[in-house]
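Numbering (mature numbering (1 follows the signal peptide of the UniProt record, and there is no 0)), first residue to last: -20 to -1, 1 to 317.
For every residue, glycine included, the Cβ atom is placed at its ideal position computed from N, Cα and C.
Laid out in structure tokens, this is it:
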């Protein structure tokens, strides 16, 4: 068959027959002249080499991809710059495809025309794609008690398996083997970093979501403080809250402002200090710390007391025992008898 145009037409007919599952053979040709090679699996981005043996008395050769002719002999028919000829000899016909993509997947056919009959060899190319997370929930800020849903979608071939887990702080009890992680009635203890992992036989892709849980302040019990006149005294208030609490200090029902009457108020994160640099008699008494954020408030009381005061735990009150008053009380008790 010396006419190259006719050869191309026959190649097209061969493709159509093979796609329909029909044998391509001339009269007297055996079924074995149409060979099916084992599937070739390749990863996306790699280089694919396709080779078939020629044999003696070959007049025409071609590599085809589905309905497209890639090479006919030394002539390149494909416009794809990734496709090139490697070897064309009496023994071998090899082409290569660089940077393989999923669009390259499918059936490839090596068609050979000998002096007596045509021969085809077909192979199916499977392109594997590493997983890639394409849709992930953004970092979230929610209020305690809310219902939270985290979403993670990924592409890949084979289809990747998706796993959710709480990464920091680590909590194996909070996980999911699906694209969705539901956390009903979330508490402050579920705040942290959540990790989505998408994995298949090729690789693993991992991304994280930070979940912040807002909650109203809670304060530690106030510790009463005894200070000698003229000395330095400090009342310290600690609050647990998200977002961080703002602090207010009160003497009885009167709010205290920083810098007044020799008093300094200093806040550092979850801690607030009320400092007396030179304690006077007038400074002794009851104080209240109030911690406030947008979700609520909490308070605790303190007592600043001096020598001679006996404290009743951390109740925020103090009792001073005067010796004269104690004597009167004893006399009143004796008179009853």
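- DSSP places residue 147 inside the beta strand (DSSP E), whose first and last residues are 141 to 148.
- With a cut-off of 8 Å on Cβ pairs, the region 205 to 217 is not in contact with the region 156 to 170, counting fewer than three such pairs.
- By alpha-carbon distance to residue 19, the top candidate from 13, 30, 25, 26 is 30.
- The shortest CA-to-CA distance from residue 174 to any of 183, 163, 184 is the one to 163.
- Assigned with DSSP and collapsed to three states, residue 173 falls in strand.
- Inter-residue distance for residue 178 and residue 138 is about 11 Å (C-alpha atoms, whole angstroms).
- Restricted to the region 77 to 122, the beta strand (DSSP E) segments that are unbroken, complete and at least 3 residues in length are 86 to 94, 98 to 116, listed in chain order.
- Residue 271 places its beta carbon 8 Å or farther from that of residue 223.
- Contact annotation: the region 147 to 155 does not touch the region 218 to 235, with fewer than three C-beta pairs closer than 8 Å.
- A distance below 8 Å separates the beta carbons of residue 22 and residue 107.
- For residue 261, the secondary structure class from DSSP, reduced to helix, strand or coil, is helix.
- Listed in chain order, the non-local C-beta contacts of residue 117 below 6 Å within the same chain comprise 130, 131, 189, local neighbours out to five positions each way being set aside.
- Shown here, residue 181 sits in coil according to DSSP, grouped into three states, outside any helix or strand.
- Here residue 45 is buried: its Cβ has 16 or more other Cβ atoms, across all protein chains shown, within 10 Å.
- Using a C-beta cut-off of 8 Å, the region 74 to 83 makes contact with the region 49 to 66, since at least three inter-stretch Cβ pairs fall below that distance.
- Of the residues 105, 185, 88, 34, the one whose Cα lies closest to the Cα of residue 99 is 34.
- DSSP lists 108 as the bridge partner or partners of residue 23.
- Residue 191 is bridged by DSSP to 120, 172.
- Looking at the DSSP output, residue 128 sits in a beta bridge with 163.
- Apart from the 5 residues on each side of it in sequence, residue 279 sits with its Cβ closer than 8 Å to the Cβ of 199, 268, 269, 270, 271 in its chain, given in chain order.
- Only buried fits residue 101, as 16 or more other CB atoms lie within 10 angstroms of its CB.
- Residue nearest to residue 16 within the set 32, 110, 27 is 32 (criterion: CA-CA distance).
- Looking at the DSSP output, residue 41 sits in a beta bridge with 92.
- The Cβ-Cβ distance between residue 266 and residue 252 does not fall below 8 Å.
- For residue 266, the beta-bridge partners assigned by DSSP are 283.
- Residues 164 of the same chain have their beta carbon placed closer than 6 Å to that of residue 127, with the five preceding and five following residues left out of the count.
- Around the CB of residue 213, 16 or more other CB atoms lie within 10 Å, so the residue is classed as buried.
- Taking the Cα positions, residue 193 is about 16 Å away from residue 154.
- Nearest in C-alpha terms to residue 90, of all of 57, 59, 119, 50, is 50.
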